[in-house]
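In my numbering, the protein residues as written are 3 to 156. Scroll down for the structure; my scribbles are underneath it.
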């Protein structure tokens, strides 16, 4: 019996849709695994301040200190923006709705996480790099065109 040719099972576009849905679910998992009550009250501020105090890119650290870390209130707003951004990216990419916007948002979030963690927190850098790579591939290939709301509308 010949081996199963998985590339004849689905079209290239459908495989990209599978990848798109997987990335979207990855973003939704990013929201789900957080301690949301603590995170939304600003619970990650100490971790971020520790990364910013000795950041390898001083200009990025200054921007964070002047904006997100300026006060407890601005940090809580930033925490909400992170969660809402991750959720919006996850829904957009999973369902192929405004897919390009969702992919741009996802890439923006991943680039910020990469910049924030710098060289200190290598544990999640591979995840962020892989998610960024997938977002770029999906953006370039127009992966919202199959199995998504975009395909039905446009």
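Even for Gly, the Cβ is constructed at its ideal location relative to N, Cα and C. On a predicted model such as this, the values are computed, not experimentally measured, just so you know.
The Cβ atoms of residue 77 and residue 70 sit closer than 8 Å to each other.
If you draw a straight line from the Cα of residue 17 to the Cα of residue 75, it comes to about 43 Å. Residue 95 sits away from residue 12, with the two beta carbons spaced by 8 Å or more. By the neighbour-count definition (other C-beta atoms within 10 Å, threshold 16), residue 49 is an exposed residue. Assignment of beta strand (DSSP E) within the region 21-102, counting only whole runs of 3 or more residues, yields no such run. In the DSSP assignment, residue 154 falls within the unbroken alpha helix (DSSP H) covering 151-155. Annotation for residue 137: the continuous alpha helix (DSSP H) segment containing it runs 127-143.
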